[in-house]
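Engineer: The sequence shown finishes on residue 479 if you use our numbering, and the numbering steps up by one all the way, no holes.
The beta carbon of each residue, even a glycine, is placed where N, CA and C say it ideally should be.
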Amino acid sequence: MAIDQTPTPDAGPSAAGGALDDGLLPGHVEAHGIDVIPDEERHGTARSLFALWVAPNVNYLAFVVGGVLILMGLSLLQAVAAVVAGSLFSIATGIVAVTGPASGTPSQVATRTMYGVRGNRVAIAVNGWFVSLCYIALNWVTASVIGFALTERIGIGSSTPVQVVVVLLIASATTLISVYGQGLIMRLYGPLSAGLAVVFVVVSVFLVAEADFSYAPPVALHGADLWITWIAAVTLIAATPLSYTISSDFARYLPRETNPVAVAAWTTLGNVVPNLVFLTVGALAATVTDLSDPEAGLSGIVPSWLITVFMVAIIVGILANNALTTYSSGLALQAVGLPFSRVGSVLVTAVIGAAMTLYALFVFDFLDTVSSGLVLLITLVGPIMAIYVSDIFLRRNRYDGGELSDSTPSSRYWYTGGVNLAGAIACLTAFVASLMCASTEAFTGPVAKALDGLDLSLPVGMIGASVLYVVLTRLLYGRTAA
-2 MAIDQTPTPD AGPSAAGGAL DDGLLPGHVE AHGIDVIPDE ERHGTARSLF
48 ALWVAPNVNY LAFVVGGVLI LMGLSLLQAV AAVVAGSLFS IATGIVAVTG
98 PASGTPSQVA TRTMYGVRGN RVAIAVNGWF VSLCYIALNW VTASVIGFAL
148 TERIGIGSST PVQVVVVLLI ASATTLISVY GQGLIMRLYG PLSAGLAVVF
198 VVVSVFLVAE ADFSYAPPVA LHGADLWITW IAAVTLIAAT PLSYTISSDF
248 ARYLPRETNP VAVAAWTTLG NVVPNLVFLT VGALAATVTD LSDPEAGLSG
298 IVPSWLITVF MVAIIVGILA NNALTTYSSG LALQAVGLPF SRVGSVLVTA
348 VIGAAMTLYA LFVFDFLDTV SSGLVLLITL VGPIMAIYVS DIFLRRNRYD
398 GGELSDSTPS SRYWYTGGVN LAGAIACLTA FVASLMCAST EAFTGPVAKA
448 LDGLDLSLPV GMIGASVLYV VLTRLLYGRT AA
């Protein structure tokens, strides 16, 4: 078994001349970290990205969020329109994936072009690692709670020892996939996507059959109230695809000459298709039942045996999502500059995430506060995604992996003291402006208050960041980034 023993963040085993397994061998631990993937080790086609992204997006959260749209007061037609509009932000997820084949590096390295070597370390530490760690813990808590209900359902019980074992099994399975890396992920997520899709579609058939297609909200929304609610719904849905700035991590093993349009299209479809289907099903289901608790919500609608299978599928779906997040968090920890191998970075992230999960479940549930704070994450991920997409068009997707891997002061991407001022100023300014326009239960900005609760954080953050980045790049550095 070949395990990554990389001594420095930017140097991989192949760079050292070792004849190690390439990262796509499913039975071996991935040899590469954030180093450049050599051309001779790049395989596959863009089509493989579809199945990879379907698995983490076939999840119960889509049902829940779809139901929330109805609870917000939208009609079925208005909810479906919000689903379509919000899901289209997955196009951005698809676009950022194209830097993978172009550079042979993960997104955590490609973003050095936008923030500079030092500035990128700060951006990755916050958005690439810490925020991901919070999501990992939240997802593991959710999967564990469903796991506790499942052990009760099958007669094992849910004593404290059983619960601890459930948490550790879920965390261990996630970590194992992330440690083995790209090869196992690419091999596993195809059948995983198919299996999860079948279970979710079968459950969806039962839910749609019971849905009230003539449903009308108790109080119909009109005028300003309708727009405020509908925009909030779109923002809620868009938050997930906009957080996937890691999509190039899983495209970097594709051959350099892979068509970028195909990369973007298959990545986008892998995100859009399950979201469109299961968010819509969630909205329809909310007309007849409350899906906040899958066991109780499906009782009487779905056969008992299928509820058991579905609960297993929910846990597996969360595991698939968390495995990608944990994998990318390991790359992020390397990109921050810590002297860990990829495997070591994944293990550090997993141990901290597991500790947070156990603490939240058995000592103090601080994750409610964390979850409330993450509602505002759109004010950060929106500008970050907009800058990433803008940079790709500005450079015409010309990224040199060798140049990107140079983290010394002589690097082309050292800019001003290690910081790309255009990226830093654009991101921070757009973040503050977006925060001022946000309207959530956790926080309402002054602009949103003045507009009677209208949340414009998404367009203000993304458009503002994009325009500022392009203009400042030309003003500060006297050229396009290309």
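1) Among ASP290, LEU391 and ALA383, which has the Cα closest to the Cα of MET455?
2) Are the segment 340 to 356 and the segment 316 to 327 touching, with three or more C-beta to C-beta distances below 8 Å?
3) Do GLY267 and LEU49 count as a contact pair if the criterion is CB distance below 8 Å?
4) How is the alpha helix (DSSP H) around MET308 delimited, first residue to last?
5) Measure the alpha-carbon distance for VAL164 versus ILE153 and round it to whole angstroms.
6) Buried or exposed for TRP302, please, with buried defined as at least 16 other CB atoms from any protein chain shown within 10 angstroms of its CB.
7) Using CA atoms only, rank isn't needed, just tell me which of LEU432, ASP32, SER175 and GLN160 is closest to PHE359.
8) According to DSSP, simplified to helix, strand and coil, what is SER480?
9) Secondary structure at THR441, three-state DSSP: helix, strand or coil?
10) Helix or strand or just coil, what does DSSP make of SER240?
11) Do the segment 124 to 140 and the segment 291 to 309 touch if we need at least three Cβ pairs shorter than 8 Å?
12) Using 10 angstroms around the beta-carbon of ARG249, count the other beta-carbons present and answer buried if the total reaches 16, otherwise exposed.
13) Taking only the alpha-carbon atoms, compute the straight-line gap between PRO238 and VAL269 and give it to the nearest angstrom.
14) CA-CA distance, VAL62 and MET69?
15) State yes or no: is the C-beta of VAL95 within less than 8 Å of the C-beta of ALA261?
16) Just how far apart, CA to CA, sit PHE275 and THR376?
17) Going by C-alpha to C-alpha distance, which of THR437, VAL195, PRO252 and SER408 sits closest to ASP449?
18) Checking 8 Å against the spacing of the C-beta atoms, do ILE174 and ILE182 come in under that value?
19) Would a C-beta distance cut-off of 8 Å place CYS434 and ALA427 closer than the cut-off?
20) Which residues bound the alpha helix (DSSP H) around PHE359?
21) For ALA8, which of helix, strand or coil comes out of DSSP?
22) Quick one: is HIS29 buried, meaning 16 or more other Cβ sit within 10 Å of its Cβ, or exposed?
23) Can THR277 and VAL77 be called in contact, C-beta distance under 8 Å?
24) Less than 6 Å between C-beta atoms, sequence neighbours within five positions excluded: which residues of the same chain meet that for SER244?
25) Report yes or no: do three or more beta-carbon pairs, one from the segment 332 to 342 and one from the segment 214 to 227, lie closer than 8 Å?
26) Figure out for me which residue from MET111, LEU373 and ALA439 has the closest Cα to the Cα of ASN394.
27) Taking the alpha carbon of LEU465 as the point to measure from, which residue in THR441, LEU418 and VAL176 has its own alpha carbon closest?
28) Measure the C-alpha to C-alpha separation of ASN124 and GLN105 and round it to an integer number of angstroms.
29) So VAL26 packs on VAL176, CB below 8 Å; how close in whole Å?
30) Using a Cβ-Cβ cutoff of less than 6 Å, which residues in the same chain neighbour GLY314 once the five nearest sequence positions on both sides are dropped?
31) Does the beta-carbon of GLY20 have 16 or more other beta-carbons within 10 angstroms, so that it is buried, or is it exposed?
32) DSSP three-state label for GLY20, please.
33) Whole angstroms are fine: how far does the CA of ASP32 sit from the CA of VAL416?
34) By the DSSP assignment, the alpha helix (DSSP H) with LEU166 in it spans what residues?
35) Closest to VAL205 by CA distance: which of PHE60, MET459, ALA439 and VAL372 is it?
36) Quick check on DSSP: helix, strand or coil for THR232?
Structural biologist: Well, looking at it:
1) Per the sequence presented here, residue 455 reads as Leu, with Met not at that position. Comparing Cα positions, the closest option is ALA383.
2) The segment 340 to 356 vs the segment 316 to 327: in contact.
3) Yes, they are a contact pair.
4) Where MET308 is concerned, the enclosing alpha helix (DSSP H) stretches over 301 to 332.
5) Just so you know, the alpha carbons of VAL164 and ILE153 end up roughly 15 Å apart.
6) Counting Cβ neighbours within 10 Å, TRP302 comes out exposed, since fewer than 16 surround it.
7) Residue GLN160 holds the alpha-carbon nearest to the alpha-carbon of PHE359 among LEU432, ASP32, SER175 and GLN160.
8) In this structure the chain extends from -2 to 479, so residue 480 is not present and cannot be described.
9) Here THR441 sits in strand by DSSP.
10) Here SER240 sits in coil by DSSP.
11) No: the two stretches stay apart, fewer than three of their Cβ pairs being nearer than 8 Å.
12) For ARG249, the number of other beta carbons within 10 angstroms of its own is at least 16, and it is reported as buried.
13) Cα to Cα, the separation comes out at about 9 Å.
14) Computed Cα separation, rounded: 10 Å.
15) Taking 8 Å as the Cβ cut-off, VAL95 and ALA261 qualify as a contacting pair.
16) THR376 has its alpha-carbon roughly 25 Å from the corresponding atom of PHE275.
17) Considering only alpha carbons, the answer is THR437.
18) Contact: yes.
19) Taking 8 Å as the cut-off, the Cβ atoms of CYS434 and ALA427 do not count as close.
20) Counting along the chain, the alpha helix (DSSP H) containing PHE359 begins and ends at 339 to 359.
21) For ALA8, the predicted model reports a pLDDT of 39, less than 50, meaning its position is unreliable; a value from the coordinates is still stated below. Residue state, collapsed to three classes: coil.
22) Burial is judged here by how many other beta carbons sit within 10 angstroms of a residue's own beta carbon; HIS29 has at least 16 and is buried.
23) Judged by their CB atoms, THR277 and VAL77 are nearer to each other than the 8 Å cut-off.
24) Cβ contact annotation for SER244 (same chain, cutoff 6 Å, sequence separation greater than five): THR90, VAL93, ALA94 and THR264, in chain order.
25) With a cut-off of 8 Å, the segment 214 to 227 and the segment 332 to 342 do not count as touching, because too few Cβ pairs lie within range.
26) With distances taken between Cα atoms, ASN394 lies closest to MET111.
27) The candidate whose alpha carbon is nearest that of LEU465 is LEU418.
28) Rounded to whole angstroms, ASN124 to GLN105 spans 10 Å at the Cα level.
29) Between VAL176 and VAL26 the Cβ distance is about 6 Å, and since that is below 8 Å, they are a contact.
30) Excluding the 5 residues flanking it on each side, GLY314 has same chain C-beta neighbours closer than 6 Å at VAL55, ASN56 and LEU193, in chain order.
31) Any answer about GLY20 is weak, because its pLDDT of 47 lies below 50 and its placement is not dependable; what the coordinates show is given next. When all chains shown are included, GLY20 counts as buried.
32) Only weak support exists for where GLY20 lies, its pLDDT of 47 falling under 50; the coordinates are left without a value.
33) Cα-Cα distance, rounded: 21 Å.
34) It spans 157 to 177 - the alpha helix (DSSP H) in which LEU166 sits, taken as one unbroken run.
35) The residue with the shortest Cα to Cα distance from VAL205 is PHE60.
36) THR232 falls in the helix class under three-state DSSP.
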